[in-house]
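Worksheet for the structure shown next.
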């Protein structure tokens with residue numbers, strides 16, 4: 001194909017991508033130093049309609065450093081219809097940190113596993129990936145470095161690390177090979193670009209990108225599991241068996257007396273206030289996910305927590321229908337974007353578990369999507385914990401009879417009527433389906449540091465105390481660890 | 001009203017606010033140290049449904065420091081339906097910086113004028129404001145500080161600055177009075193809360209907030225002008241007379257020869273590459289707004305700019321229909337959010353001028369909205385310049401005959417057909433209305449550092465060179481200044 005024809009076809013394919021808004025494309029370049037990655041990206045970008053492209057070369061901000069590692073990449077995933085070009089992206093950090101021994105071999109392999117999971121999740125959500133390894137042999141790299149250094153006009157292109165990376169050429173070469181082998185996939189293939197073929201590189205990349213744009217996308221249905229070699233010390237070794245809503249007994253023998261409740265509430269909230277302040281001081285983020293049956297008392301439980309907190313420290317996120325900006329991005333982004341900075345507390349009133357609960361039961365998500373969600377969720381939570389966050393997952397359950405009583409009470413009370421919707425009644429019809437989905441969720445997302453707490457809520461007072469107790473316990477476990 | 005009734009009514013009013021999603025509310029507290037602002041906010045927050053509130057106490061991030069001052073507040077404006085509670089907000093910084101002489105008297109007054117403009121713009125866009133000054137007299141403040149210091153349980157509440165602010169009580173008192181006088185408005189009233197009335201404060205604030213929620217909002221139709229006393233040295237003293245599209249001659253004597261064009265293009269792009277690199281080195285942000293008649297060649301002009309730039313440095317923002325997240329916030333947010341970090345370049349393909357062009361002519365914005373937009377835009381651009389940004393505003397014009405020729409050529413060329421929409425033909429019918437709107441825009445938004453360049457585009461080659469020349473000249477003017 002002539003270059004002019006290739007350019008025209010590539011542009012046409014890009015405009016189709018922008019028009020359909022079904023997929024996004026990520027083109028990632030990494031590899032050896034002084035291989036003209038920047039120049040290649042510039043040239044390619046001139047072939048494209050740059051209203052629909054974005055180029056990312058990372059230097060993490062303070063907001064990024066205060067959140068789990070992958071947040072900086074999640075926030076840069078392009079919208080459907082757009083092409084995101086990443087220089088080094090999530091590979092450069094892994095590669096050079098390992099080369100400089102800032103990452104242990106185990107941590108490097110863990111990072112590669114995280115990359116596999118991240119890319120599979122993106123691909124499953126319609127983000128097409130194309131990855132380029134920019135290659136150069138050691139003598140050519142040396143010659144090129146020397147030529148650049150001698151050229152007064154271009155010497156500024158060299159930076160301090162280029163020579164260092166030249167000295168580590170063999171290490172980077174070996175790590176690059178390991179990295180590519182570990183992360184090649186149908187949905188995220190690697191291509192090697194040799195420095196000697198430089199004049200043809202642009203055409204080659206243009207052709208690869210064109211191919212990627214017009215080919216039917218490979219969408220994985222399984223997100224690979226990350227089994228880390230390096231486990232953060234703050235995560236306990238083993239999780240107890242998951243709870244079961246079908247085997248649980250939501251009712252209690254006798255309701256708690258009001259005076260006993262008031263006393264124990266004050267005590268628990270006092271403890272929580274002290275614990276939360278200590279989290280702020282030690283800059284530990286806290287993520288609390290509240291799920292539960294309708295009318296089980298999520299709002300009341302959350303309120304008893306926030307009563308004890310400084311309003312500057314927390315934020316309640318109510319997860320409802322996604323915005324159109326969220327719909328243009330992979331599903332998980334709507335949760336990533338709400339993660340708290342270090343020392344802050346995010347309370348999720350409904351959470352990322354919606355996918356395997358309401359979206360599954362009501363058929364709002366395709367089966368493939370909710371089936372792979374378990375692994376995606378496990379990985380999401382693992383990354384929160386790896387960042388040092390405390391994670392609390394609370395499921396509030398009530399019996400069918402108690403739920404009916406509360407619905408009827410709401411319908412009869414003017415200022416509570418807004419809390420009751422047609423959907424609530426509809427959900428009740430799927431009671432059995434929900435029970436099955438809930439128990440599967442418990443079983444498949446129970447993990448060390450990410451244990452579920454099933455809280456029986458037929459007695460509101462006991463339930464609220466149990467919520468506080470659960471949150472306190474999780475914070476205190478974390479505070480007891482020396483990190 | 002009994003407290004229980006007040007609480008119930010307040011909650012009801014808040015839920016109405018959340019349901020209607022028409023307005024947002026900002027409650028701001030500032031004033032003397034150790035007046036229990038945090039505690040009051042906590043207590044009030046417990047009265048509210050905290051899924052619809054957010055509390056902000058600021059500590060600017062690196063991303064915030066790299067953008068114009070007001071970005072940090074714009075990004076925290078609550079969505080319609082929500083209540084944002086700000087501790088100190090945009091007042092604390094002004095107050096304490098002036099008290100500590102980090103702001104000159106002139107800069108302090110400028111800040112107050114910016115606050116007036118910001119609050120008027122928010123109010124005009126449906127954000128209701130309520131501001132509280134927390135008062136305490138000097139002896140009471142001293143007693144309270146001593147008591148806190150002596151109390152081992154509460155001593156942590158004191159921070160280093162509290163004593164310093166106590167010593168400056170008289171200064172803060174006087175500045176607070178000046179600040180309140182300068183920024184009181186029907187749409188953003190001040191209320192003074194005395195420390196001695198502490199037990200009644202929560203009720204008072206609850207009642208004020210309730211009143212604010214149920215009262216018809218005061219919506220200003222005029223945004224006050226900021227005439228700064230302190231002019232940044234990088235801004236030139238006077239702007240030339242604005243251009244006029246009706247008096248301009250878009251046609252040129254003879255088209256530029258291709259070989260001359262190619263030579264001059266290479267030269268201009270080379271200059272731009274050097275200038276842009278220098279902007280990155282000196283961490284100066286650049287904002288380029290491209291407006292123009294349909295088919296005048298905005299895309300081509302932008303492309304000739306970006307060809308010369310490093311793709312990592314710039315981003316093209318095409319301004320089209322707002323997202324639903326943008327619709328939930330004041331109009332200006334969609335532009336603020338796209339401002340570049342220091343050293344970066346943002347190219348706007350259509351811009352904040354849409355409000356006084358297409359939205360005005362097509363009746364998409366109410367007359368009051370586009371009428372006040374001129375002042376809002378002047379202030380927006382003034383803030384960009386005050387932050388040290390370079391601003392380029394380019395208007396690309398063609399004659400009616402040339403536009404028709406280009407439309408017909410587009411309709412006849414398959415791969416250009418997507419560029420031509422029904423809207424383009426419709427806009428042509430409003431030719432005269434557009435001419436009037438354009439000239440009014442030129443006249444009303446011409447300002448030092450924010451001058452318009454009207455570029456005749458009937459000859460594409462000359463037009464592209466003129467675009468490059470204009471951008472180069474603006475960058476070089478800035479680079480010639482020593483700051």
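Residue numbers (the UniProt record's numbering), protein chains in the order written: chain C, 1 to 483; chain F, 1 to 483. No residue lacks a Cβ here, since even glycine has one placed at the ideal position from N, Cα and C. This structure is a prediction, so every number in the text was calculated from the model and none was measured.
- Residues 89, 90 and 118 of the same chain have their beta carbon placed closer than 8 Å to that of residue 73 of chain C, with the five preceding and five following residues left out of the count.
- Looking from the CA of residue 327 of chain F, the closest CA among F:27, F:8, F:468 and F:81 belongs to F:81.
- Not flagged as an interface residue toward chain F: residue 74 of chain C, since no C-beta distance is shorter than 9 Å.
- Within its own chain, the residues whose Cβ lies closer than 6 Å to the Cβ of residue 288 of chain F, once the five positions on either side in sequence are excluded, are 347 and 392, listed in chain order.
- Within the region 17-65 of chain F, the runs of beta strand (DSSP E) that reach at least 3 residues and sit entirely inside it are, in chain order, 24-31 and 53-57.
- Only residues of its own chain outside the window of five on either side were considered, and among them 56 and 84 have a CB closer than 7 Å to the CB of residue 76 of chain F, listed in chain order.
- Measuring C-alpha to C-alpha distances from residue 425 of chain C to each of C:436, C:439 and C:406 identifies C:406 as the nearest.
- Closest in alpha carbon position to residue 111 of chain C, among C:227, C:236, C:376 and C:269, is C:227.
- For residue 419 of chain F, no beta strand (DSSP E) segment is defined, and its DSSP state is neither H nor E.
- The Cβ of residue 32 of chain C sits no closer than 9 Å to any Cβ of chain F.
- Residues of the region 299-328 of chain C with a C-beta atom less than 9 Å from some C-beta of chain F are 299, 302, 303, 306, 307, 309, 310, 311, 312, 313, 314, 315, 316, 317, 318, 323, 324, 325, 326 and 328, listed in chain order.
- Bounds of the alpha helix (DSSP H) holding residue 150 of chain F are 138-150.
- Per DSSP, the continuous alpha helix (DSSP H) segment holding residue 376 of chain F begins and ends at 367-386.
- Contact between residue 464 of chain C and residue 300 of chain C holds, since their C-beta atoms are separated by about 6 Å, short of 8 Å.
- The DSSP-derived three-state label of residue 331 of chain F is coil.
- With contact defined as three or more Cβ pairs closer than 8 Å, the region 321-335 of chain F and the region 300-310 of chain F are not in contact.
- Taking a Cβ-Cβ threshold of 7 Å, the residues of chain C close to residue 349 of chain F are 51, in chain order.
- Chain F has a Cβ within less than 9 Å of the Cβ of residue 57 of chain C.
- By a beta-carbon distance limit of 8 Å, residue 234 of chain C contacts residue 481 of chain C. Their separation comes to about 5 Å.
- The Cβ atoms of residue 130 of chain F and residue 183 of chain F do not sit closer than 9 Å to each other.
- Residues of the region 32-48 of chain F with a C-beta atom less than 7 Å from some C-beta of chain C are 38, 41, 42, 45 and 46, listed in chain order.
- Under the criterion of beta carbons closer than 8 Å, residue 134 of chain F and residue 37 of chain F qualify as touching, at roughly 6 Å.
- Taking a 10 Å sphere around the C-beta of residue 255 of chain C, we find fewer than 16 other C-beta atoms and assign the residue as exposed.
- Non-local beta-carbon contacts of residue 446 of chain F in its own chain, meaning distances under 7 Å to residues more than five positions away in sequence, involve 239, 242 and 452 in chain order.
- Leaving aside the five residues that flank residue 342 of chain C on each side, the residues in its chain whose CB is nearer than 6 Å to its CB run, in chain order, 66, 283 and 285.
- The straight-line gap separating the alpha-carbon atoms of residue 338 of chain C and residue 381 of chain C is approximately 14 Å.
- One alpha carbon belongs to residue 166 of chain C, the other to residue 136 of chain C, and they sit about 10 Å apart.
- Per DSSP, the unbroken alpha helix (DSSP H) holding residue 89 of chain F starts and ends at 89-99.
- Residue-level contact by beta carbon fails for residue 198 of chain C and chain F, as no gap is shorter than 9 Å.
- With respect to residue 371 of chain F, residue 437 of chain F sits apart: the two C-beta atoms are not nearer than 9 Å.
- Here the C-alpha atom of residue 194 of chain F lies approximately 14 Å from the C-alpha atom of residue 139 of chain F.
- Within the same chain, Cβ atoms closer than 6 Å to the Cβ of residue 132 of chain C are found at 29, 191 and 193, the five residues on either side in sequence being excluded.
- Here residue 479 of chain C has 275 and 278 as same chain residues with Cβ atoms under 7 Å from its own Cβ, once five neighbours each way along the sequence are excluded.
- With a threshold of 9 Å between beta carbons, residue 15 of chain C makes contact with chain F.
- In the structure shown, the three-state DSSP call for residue 133 of chain F is strand.
- Chain C places no beta carbon closer than 9 Å to that of residue 133 of chain F, leaving this residue out of the contacts.
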